[in-house]
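Worksheet for the structure shown next.
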Amino acid sequence: MRNHSIVTALCTLFSAACGRIDLDRPIAIDVAELQPDEPLNYRWVSKVAKSALTQAIADMGGSVGEGGEVIHVVADKDAKLDGYVDSNDRSTMHLGVKWILQYPDKDLHLRVLVIHEFGHMLGRDGHPPCNNDANATAQNCLPAHGKYSRSDVAWICGAATGGVCGSTIDR
């Protein structure tokens, strides 16, 4: 039981590492630097990912800045998926660049992938229905506008804390 108390205290102190990101605190975005042996198109992925993440944070009522949460974006050349967030460490988004670069509309796919994974960073597991490509948080959905739908926000708010979810009563 003592170890559980220590883990609980650490998770409270570093909420993004163990649970979800708090949208009421500023969120700093740390995009991993390009390594010398990586292709230059990884730079494009980093730029688009940071832009999409900044927009997703704003759409959810959060703000980008220092002094609060830090979320990390890592280009994972060995990833078996185009993107994922480990539920044991919601502070890091892994992007499988080699998979992303194979899509016909790379820009839209990457933007939707980033906001999809950000929903997991905010604490939501699983996926809602695709609903004719309307929901970015659904599995294998590609909304043409590349933003959250109202259904996405409502679904994310079932687990998220702060921001537009701060007034949500049902959790």
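Numbering (this note's numbering), first residue to last: 93 to 263.
All residues carry an ideal CB built from backbone N, CA and C; glycine is no exception.
With distances taken between CA atoms, A148 lies nearest to V245 out of D168, N232, H164 and V245.
Counted as a single uninterrupted DSSP element, the alpha helix (DSSP H) harbouring L202 occupies residues K198 to M213. DSSP, read as helix, strand or coil, puts T146 in helix.
For R112 against T253, the beta-carbon gap comes to about 6 Å, under 8 Å, which counts as contact.
Measuring C-alpha to C-alpha distances from A120 to each of K172, T184 and L173 identifies T184 as the nearest. DSSP places D244 in the uninterrupted alpha helix (DSSP H) bounded by R242 to I248.
One alpha carbon belongs to V206, the other to G175, and they sit about 8 Å apart. DSSP places I163 in the strand class (E or B) of the three-state scheme. Contact between V165 and L193 is ruled out by a C-beta separation of about 16 Å, above the 8 Å threshold. Between E158 and the set R135, S143, R117 and L200, the nearest pair of CA atoms involves R117. If you check the CB distance, G153 and G238 do not come in under 9 Å.
In the three-state DSSP reduction, I192 falls in the helix class (H, G or I).
Sequence-distant Cβ neighbours of N232 in its own chain, meaning closer than 8 Å and more than five residues away, are C222.
A straight line joining the alpha-carbon of D170 with that of V137 spans about 15 Å. By the neighbour-count definition (other C-beta atoms within 10 Å, threshold 16), L173 is an exposed residue. The three-state reading of DSSP puts A141 in helix, counting H, G and I together.
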